[in-house]
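Below is one structure; the comments refer to it alone.
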Amino acid sequence: MNKGFPRVNLASENSVIVYFSERPCAKTSRLIANTSEQLKNKLSHKLIDLVPSYHSLLVVYNPLEINYLTIKNEIYSIAAEIPNKALSVGKSIELPVYYSQESGPDLQRLADHANLTIDQVIALHQQTEYTVYAIGFAPGFAYLGEIDSRIAMPRLSTPRTNVPKGAVAIADRQTAVYPSQSPGGWNLIGRCPSPMFDPSQHPSTLFNVGDKVSFKGIDRNEFLQRGGLVESISSIEQ
Amino acid sequence: MSGLKVINPGMLSLIQDAGRYGFHRAGITTGGAFDKYSFNWANKLCENIDTAACLEILVGGLVLESNITTQVAITGANVPIKINETTVDGWRTHNLVPGDRINIGYATGGCRAYLAVAGGIQCPLIFGSASTVVREGLGGLDKKGQPLKAEDILPCEPTASIAIHRVPEQYKPTFDNEVTEIRMLLGYQQHEFQTAQLDQFFNAEYTISQLSDRMGYRLEGPTITCSNKPMLSEGICLGAIQIPADGQPIILLCDRQTIGGYPKIGSVFSPDIVKLAQLMPGRKIRFKAMGIEQAQNLLLQSKQ
Chain A
599 MNKGFPRVNL
609 ASENSVIVYF
619 SERPCAKTSR
629 LIANTSEQLK
639 NKLSHKLIDL
649 VPSYHSLLVV
659 YNPLEINYLT
669 IKNEIYSIAA
679 EIPNKALSVG
689 KSIELPVYYS
699 QESGPDLQRL
709 ADHANLTIDQ
719 VIALHQQTEY
729 TVYAIGFAPG
739 FAYLGEIDSR
749 IAMPRLSTPR
759 TNVPKGAVAI
769 ADRQTAVYPS
779 QSPGGWNLIG
789 RCPSPMFDPS
799 QHPSTLFNVG
809 DKVSFKGIDR
819 NEFLQRGGLV
829 ESISSIEQ
Chain B
314 MSGLKVINPG
324 MLSLIQDAGR
334 YGFHRAGITT
344 GGAFDKYSFN
354 WANKLCENID
364 TAACLEILVG
374 GLVLESNITT
384 QVAITGANVP
394 IKINETTVDG
404 WRTHNLVPGD
414 RINIGYATGG
424 CRAYLAVAGG
434 IQCPLIFGSA
444 STVVREGLGG
454 LDKKGQPLKA
464 EDILPCEPTA
474 SIAIHRVPEQ
484 YKPTFDNEVT
494 EIRMLLGYQQ
504 HEFQTAQLDQ
514 FFNAEYTISQ
524 LSDRMGYRLE
534 GPTITCSNKP
544 MLSEGICLGA
554 IQIPADGQPI
564 ILLCDRQTIG
574 GYPKIGSVFS
584 PDIVKLAQLM
594 PGRKIRFKAM
604 GIEQAQNLLL
614 QSKQ
């Protein structure tokens, strides 16, 4: 455990935020996932919700069941125990991606920006196993990090009003798959035919914070066979 | 289908219950009734469980027609209410018979009214709640986040007549403050703000901007600056007061995004989120700090 961490701070009348490290990393994400599990088991009905993110965990509790000082102490004692236990490793998921200029209208710009060929950009995107750092922005939107610095690129200066469902995108050192059609300012490099968020399924999301994700290139035919929609490709704003 | 038919949905009427909990990790927000106090009273007046689905009616203009024998109660904002041609009071139970029309006029004080029906609106749940979150496309009659529209039928079970209940006068809110005091707890990130900035924040009057909704209230007033070091996105609690780069505070509310990266000066005490729910754009607020012990003691007392 890093010196000075974890740190439990007041957020509101019924929530505290726990910081696990100065910077995010795969180990911190595993610690957050494990601490979340322990808190759920130990606090059960006293707990209302948990929001894991890069290097923190927001713990929302029922103040009629447990007060601020008591929960703070409980969290410190639970977190102190965790390094003595084997950390669960989380899931590893491979997602198919149809990388192409038709499905990734920003590929050429990103390649130019990086001084690489499109093929090199695609290869670099597939070569890393990413960590799910946070889920937010929209249901099922997972922030994956970190991508190779050579293919990092800032967000678009003017976000698109419509990014299609399944768009695979890059912003700075992060990558993500848009779970549903939404506005968005990330650079689009491909499309994934697998659903990221399905309210009718349990669990509704493919992964949790701390899980691992990798990408594997597929061709247009396979994209279509796996349920990818071609008409939504041609409708992407350039 | 038995229930209440929507003749006119009004400005914006949403099905809301106590909210959606336990799914923040998937990026799903809580939603739920914004003014929990009025929501709770509406359900109590209909002898409902405290999580029963109600209508949250923004400003007014809603007309419903019942095809069953049931009871309803309307609380929250001061709205003129008619059952058929008769003007009736809010904050009490009313009996309805098939064919009765409820007409909710425009608010003269406050801006959100709550309508509960005996047994609750029998709305399908998604992620454990009927609450409508338009931005996420979750909840409501179709589970896809749609507000009420004309011809919708709110499914309700016919009920045996219950006693008429009334909320005592002293428990009804008033909406006539020129400046509403909002109690808040200073959070852990207050240290990102210099003392002079904190003083400025507490001495200022802020006006609720037109760009305010269930997701968040943007405020207009003195600019608050902070250290502005880049922050990693982290979980956002209900009522968090964040200060973006332009220095104009934003209070994050029921439909807030689950994570965000602006520094937060603190968070609003939940009984005062109820007050915010009834403030229209253009109204003024002032913040007052309180401690965690005092806040939690008040919450415990109010439940006793």
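Just so you know, the sequences run in chain order A and B. When you read off a place in the first sequence, starting at 1, and then add 598, the result is the number in the working numbering. When you read off a place in the second sequence, starting at 1, and then add 313, the result is the number in the working numbering. Yeah, the Cβ is synthetic: ideal placement off N, Cα and C, and Gly gets one too.
Quiz item: Taking A:V761 as the reference, which of A:S812, A:G788, A:N713 has the closest Cα?
Solution: Minimum Cα distance to A:V761 is reached at A:G788.
Self-check item: Distance between A:E744 and A:T773 (C-alpha atoms, nearest Å)
Solution: 8 Å
Self-check item: N-terminal and C-terminal residue of the alpha helix (DSSP H) that A:Q725 is part of
Solution: 716–725
Practice problem: Go to B:I578, then tell me how far its beta strand (DSSP E) extends in each direction, as first and last residue. | Solution: Note, B:I578: beta strand (DSSP E), 577–581.
Practice problem: Would you mind listing the alpha helix (DSSP H) stretches within the segment 494–538 of chain B that are 4+ residues and don't spill past its ends, in chain order? | Solution: 508–516
Quiz prompt | Where A:E744 sits in the DSSP three-state scheme | solution = coil
Quiz prompt | Neighbouring residues, chain A, relative to B:Y334 (Cβ below 7 Å) | solution = I646, D647
Quiz item: What number of angstroms, rounded off, separates the C-alpha of B:L524 from the C-alpha of A:K601?
Solution: 43 Å
Self-check item: 7 Å Cβ cut-off: residues of chain A touching B:K616
Solution: Ordered by position in chain A, the residues that pass the 7 Å Cβ test against B:K616 are L662.
Quiz item: List, in order along the chain, the chain A residues whose C-beta lies closer than 8 Å to that of B:Y501?
Solution: N607, L608, A609, I615
Practice problem: Can you tell me which of the three DSSP states A:P737 falls into? | Solution: coil
Exercise. For A:V807, decide whether its Cβ has a neighbour in chain B, counting only Cβ atoms nearer than 8 Å.
Key: yes
Quiz item: Of all the CB atoms in chain B, is at least one closer than 8 Å to the CB of A:S654?
Solution: yes
Quiz item: Under 8 Å between the Cβ atoms of B:V401 and B:M497?
Solution: no
Quiz item: Does A:S651 get closer than 8 Å to chain B when you measure Cβ to Cβ?
Solution: Answer yes: the Cβ-Cβ gap between A:S651 and chain B drops below 8 Å somewhere.
Quiz prompt | Close-in-space but distant-in-sequence residues of the same chain around B:K395 (CB under 6 Å, 5 per side omitted) | solution = N416
Exercise. Starting from B:E369, follow its DSSP beta bridges and name the residues at the other end.
Key: B:L327, B:Y427
Quiz item: In the DSSP assignment, what are the bridge partners of A:V775?
Solution: Under DSSP, A:V775 shares a beta bridge with A:V766.
Quiz item: Within this structure, are the beta carbons of B:A390 and B:E369 separated by less than 8 Å?
Solution: no
Exercise. State the DSSP-derived secondary structure class of B:E482, mapped to helix, strand or coil.
Key: Of the three classes helix, strand and coil, the one that applies to B:E482 here is helix, per DSSP.
Quiz item: Does the Cβ of B:F515 have 16 or more other Cβ atoms within 10 Å, making it buried, or fewer, making it exposed?
Solution: exposed
Quiz item: If you draw a straight line from the alpha carbon of B:Q614 to that of A:L662, how long is it in whole angstroms?
Solution: 10 Å
Quiz prompt | A:D796, enclosing alpha helix (DSSP H) - first and last residue | solution = Run containing A:D796: none; DSSP gives neither H nor E here.
Self-check item: Residues that A:G738 contacts on chain B, provided the C-beta gap is smaller than 7 Å
Solution: Contact of A:G738 with chain B by beta-carbon distance below 7 Å involves A339, G340.
Quiz item: With respect to the beta strand (DSSP E) encompassing B:I381, which residues constitute its N-terminal and C-terminal limits?
Solution: Careful: B:I381 lies outside any beta strand (DSSP E) and carries neither H nor E.
Practice problem: Using a Cβ cut-off of 8 Å (strictly closer), state whether A:A732 contacts chain B. | Solution: So, interface residue.
Self-check item: B:I572: contacting residues in chain A (beta-carbon distance under 7 Å)
Solution: V649, S651, A732, G734
Practice problem: Compare the C-beta of B:E547 against all C-beta atoms of chain A and say whether one is closer than 8 Å. | Solution: yes
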